[in-house]
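For reference, the structure is listed below as C-alpha cells.
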Amino acid sequence: MLEIDGISKRFGSTVALDGMSLTVRPGELYGFVGANGAGKTTTMRIALGVLAADAGEVRLGGRPLDAASRRRIGYMPEERGLYPRMAVGTQLRYLAELRGRSAAQAREAADRWTERLELAERRGDEVQRLSLGNQQRVQLAAALVAEPDVLVLDEPFSGLDPMAVDVMSEVLRERRDAGAPVVFSSHQLELVERLCDRVGIVRAGRLVAEGAVAELRDASAAEVVVDAPHAPPGWADAVPGVARARAAEGGTVLTLTDASETTLGAVLDAARRTGPVHEFRRRRPTLAEIYRDAVAEEAAA
Amino acid sequence: MSLRPVLLIARREFASRVRGKAFVVGTLVVLVLLGAYAAVLATLASDDDTARVGVTGPAVALTGPLERAAPAQGLTLTVVPEPDVAAGEAAVRAGDLDALVGGDAARPRVFVESEPDAALERTIVAATTAVARDAYLAGRGVDPAALDAAVAESGPVVVAAEAPDPQAGQRLGLGLAGAFLLFFSIQSYGAMVAQGVVEEKASRVVEIVLSSVRPWQLLLGKVLGLGAVGLLQLVVLGGAGLAVAGAAGVLVADVGLVSTLVSVLVWYLLGFALYATVFAAAGSLVSRQEDTQSVLSPVTIFVLLGFVVGFNLLTYDARGTAITVLSLLPPFSPLFMPARIALGVAPVGQVVLAFVLTIAFTAGVLALGGRIYANSVLRTGARVSLREALGRRAPERAGDR
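Here the protein sequences come in this chain order: S and Z. All letters in the first sequence, in the order written, are residues 1 to 301 by UniProt numbering. All letters in the second sequence, in the order written, are residues 1 to 401 by UniProt numbering.
Structure follows, in C-alpha cells:
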C-alpha cells in the first residue's frame, strides 16, 4: 500500500502541493488526473525522493519511504530520459543494478523486457539510434526492469503509438493483478476511465475528488434525460427538486437536487402531463464531465 | 549497501570513457606528441656541436691547437688537411667542411659558407691565441709546455656545505613534468565530469538515476569513475615518459624517483577530488552543453593562471617565498607540492601542512559542491544562480511541477 499523507511543497512563492493525500492499495490501478501544474508531477517526484517535501510523509506498507524501499518503486518520469550513447541492453541492466538487482537478475530482466516490448533486435543499439516510439518502450522497460513492487508512472501513455498503448495497458493490468499498487497520471480520461479501479482528481495541489469511477458518478449531481416531444420550453422549471434544465442529448437534461423516488416521480409525472414520453433515464456523467465539474466547483469556491 | 551504487556508477563512467574511441585516440595522440617532444629535446641536447675544419698551407700548424681548444668550447672537432685553398673552399661549398683555415697560423684566413658557428669561431680564436702566445713565449726562452703544466696545477678547491645533488636536473625535470601532467589531467578530466553532469541533465536521465540513488552517490561515483580514467591515462603517459627517459639514460631509478611517483599519485587523487567536485557543481548549474563553457571558464582560467605563475616560479626559484606560499594554498597544492617534493625543496612540515589544508579544503568543497549539485541537478531551463543553488530549499521554476 502506497500512502501519500498530507504532503505540501512550495517553490518560492508558488504553492505546488497543499496537503496532498492519497492511498493506492495493493492490486489497485489508480488514475491521477488534473490540469497541467495541478501538482501531479511534484507529488510523484516527492514519492520517489527526487524532491523533498516541506511537510507530510510518504509511506509504503505503513513504513516511511527510505532509500532502500524507494528502489522497489518503478518510476517513469514525465521528462523522459536515458543515456543517449548507451546501448539498450547495457542501459537496462545498469538501471536494474542501480536499483539493487544482482547482475544476473538484471541481465535476465533486461532480456525478458526487451523481448516483451519487441526491442530484442535493438538490444545492442545506442538509445539515440532508436525511433522516438522505441525510445518510449525502452523508457517503460527501464521502469519495469528492476521488478518493482510498486509502479509510479508520470504520463506513461503520452507519445505512445496505439500498439504501445495496448502493451502498456496490458502491463499495468498485469502488475495490478500481481498485487502491486500502480498509480499513473494521464490526460487521456477515457483511458483512465477504462483502466483504473480508482481515480483521484487533483486541483491546485490538493485532491478534490477520489474514488472508483462508478462511485464518483453516483456521487455527482443527479441528472435525468427526458425526451418528451410535445413538452413546451420551461415545462420542468416549476417541478420541485429540479435545479437546472437544459436542452441536450435529444431532449431535456434536468439537474436534480436529489435522486430520491419522490423527486424522480414528480419529474416523470410532469413530463407525462405534456404528452408522450419517449425516453426517461438517469444520466451518468463521464469521467471527463466529473473532472470538469470538480475543477470548476473548486474554481468557483 | 550504499557503496554498491557508487561503484556501479563509477564503473559505468569508467567503461563508457575507456571504451570510447576518444580515450584511446586521445591517449595515443598525447603519447605521440610527448614522444616527438622528447625526440626534439634529445636532439637539441645531444647536438653538442660537431664540426669539420679543413687546414691548408702554414695553417696546418693549427691542427694541434685546434684539437686541444675544441673540448673547452663543447665542440667535437675533426681537423682535415686540405691539399690547397681551392680544394678546401670547394669542400666548404659542398658542405663537406664547416670551415677552411688557411694562410698564416697566427692570422689565418677562415673561409665559411656564410657565418661561422659561434663555438667554432671561439675555438679558432683560442687556437690562434695559443699559437701566438707559444711563439711569443718561445721567443723569450720560456717553455710553453712548462707554463701550461704550472697553470694546470692552480685553481681553487671548492668545499660545499651540502653535498651537490647529482640528480638535480632529473628532479627538476620530474617535478615539472609531474606538475604539467597533473594540471593537464585535472583540467581535462574535471571538464569531463562537468560534461557528464550536463549530459545527464540535458538528457533528463538524471531523474531516473536519482530516483534510485542519492545525489552524493551519483556525484561520488562520477568523480571516482572519471578519476580512475584520468589516473589510467596519467599512468600510461607517465609510464611511457619514464620508460623513454630511462632508455635515453636521462633518468636514474632510485629511492627519490619512487617517492616522487608516489607523491604525484597521492596528490593527483586529492587534486582530482577537489577540482572534479568544483567542476561537477559548476556543471550542475546549466542544462545544455552549449552553456557548459560559460560556467567552467572561471574555474579553468583561475587554475590556468595559477599554474602558469607557479610553473614559472618553480623553474625560477623553487625555494622562493612566492612558490612556497602558492604550494601551501589548497587549490594549488596538488599542482606544485609534488614538484617541490621532487625537487627536494619542501620541508616535511610544509608537506604535512599542505596535505592537511588540502584535505580540509577538499572536504569543504565536497560538502558545498555536493549541496550545489543536489540542489541544481534536477532543475532545467535557465541557469541556476549560485544563491539559489546554495539555499537549503531552492525554489524551482513553477513549470516544473
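In this text, a Cβ means the ideal position worked out from N, Cα and C, and glycines have one as well. In this text the structure is predicted, and so the values were computed from the model without any measurement.
Secondary structure note for Z/A363: its alpha helix (DSSP H) is the uninterrupted segment V348 to S376.
Judged by pairs of C-beta atoms under 8 Å, the stretch 219-227 of chain Z does not touch the stretch 321-330 of chain Z, as fewer than three such pairs exist. In this structure, DSSP gives Z/G26 a helical state, which the three-state scheme calls helix. A check of alpha carbon separations from Z/G95 across Z/R107, Z/E113 and Z/A105 identifies Z/E113 as the nearest.
With 16 or more neighbouring CB atoms inside 10 Å of its own CB, S/M76 falls in the buried class. The continuous beta strand (DSSP E) containing Z/F111 extends over residues R109 to V112.
Judged by their CB atoms, S/V24 and S/V183 are nearer to each other than the 8 Å cut-off. In the displayed model, Z/A247 falls within a helix according to three-state DSSP. Annotated as distal: S/Q139 and S/R85, with beta-carbon spacing of 8 Å or more. In the three-state reduction of the DSSP assignment, Z/A106 falls in the coil class, being assigned neither a helical nor a strand state. The residue from S/L153, S/G12, S/L191 and S/Y94 with its alpha-carbon nearest to that of S/M44 is S/L153.
Counting other Cβ atoms within 10 Å of its Cβ, Z/P65 reaches 16 or more and is therefore classed as buried. With the rule of 3 Cβ pairs closer than 8 Å, the stretch 79-91 of chain Z counts as touching the stretch 46-62 of chain Z. Shortest Cα-Cα distance from S/T42 to any of S/T14, S/S69, S/R272 and S/G27 involves S/T14. Each of Z/V244, Z/L353, Z/D317 and Z/Y189 was checked against the Cα of Z/L33, and the nearest Cα belongs to Z/V244.
Of all alpha-carbon atoms in S/A16, S/I7, S/P26 and S/S8, the one lying nearest the alpha-carbon of S/D177 is that of S/P26. Counting only runs of 3 or more residues that sit fully inside the stretch 30-81 of chain Z, the beta strand (DSSP E) segments are 50-55 and 76-81, in chain order. Between S/Y83 and Z/S203, the C-beta gap is smaller than 8 Å, which places the two residues in contact.
The beta-carbon distance between S/A236 and S/L254, rounded to whole angstroms, is 6 Å. This is short enough to meet the 8 Å contact definition.
In the DSSP assignment, S/L207 falls within the beta strand (DSSP E) that extends over R206 to G211.
Residue-level contact check: S/E79 touches chain Z, since one or more beta carbons of chain Z fall below 8 Å from its beta carbon. Between the beta-carbon of Z/P108 and that of Z/L75 there is about 17 Å, and that puts the pair past the 8 Å contact cut. For Z/I372, no chain S residue has a Cβ inside 9 Å of its Cβ, as the nearest lies near 16 Å away. Between Z/Q350 and Z/T27, the C-beta gap is not smaller than 8 Å, which leaves the two residues out of contact. Contact between the stretch 337-348 of chain Z and the stretch 178-189 of chain Z is present, with at least three C-beta pairs closer than 8 Å.
Of the candidates Z/A10, Z/R68 and Z/V197, the residue whose Cα lies closest to the Cα of Z/L296 is Z/V197. Taken atom to atom, the span from the alpha-carbon of Z/T128 to that of Z/F311 is near 45 Å. With contacts defined by Cβ atoms closer than 8 Å, S/A219 and S/A259 do not form a contacting pair.
Counting along the chain, S/S185 sits inside the beta strand (DSSP E) bounded by residues V182 to S185. For the pair of segments examined, the stretch 151-170 of chain S was found not to touch the stretch 119-130 of chain S: the number of CB pairs separated by less than 8 Å stays below three. The beta carbon of S/H230 is closer than 6 Å to those of T274 and G275 in its chain, skipping five residues each way along the sequence.
Of all alpha-carbon atoms in S/N134, S/Q128, S/A142 and S/Q135, the one lying nearest the alpha-carbon of S/A110 is that of S/A142. The closest CA to that of Z/V264, considering only Z/A276, Z/A105, Z/P334 and Z/A138, is found on Z/P334.
Contact between Z/V229 and Z/F14 holds, with the beta-carbon distance rounding to 6 Å and staying under 8 Å.
Excluding sequence positions up to five before and after Z/A273, its CB lies within less than 6 Å of the CB of T362, all in the same chain and listed in chain order. For Z/A90 and Z/A346, the gap between their C-alpha atoms comes out near 59 Å.
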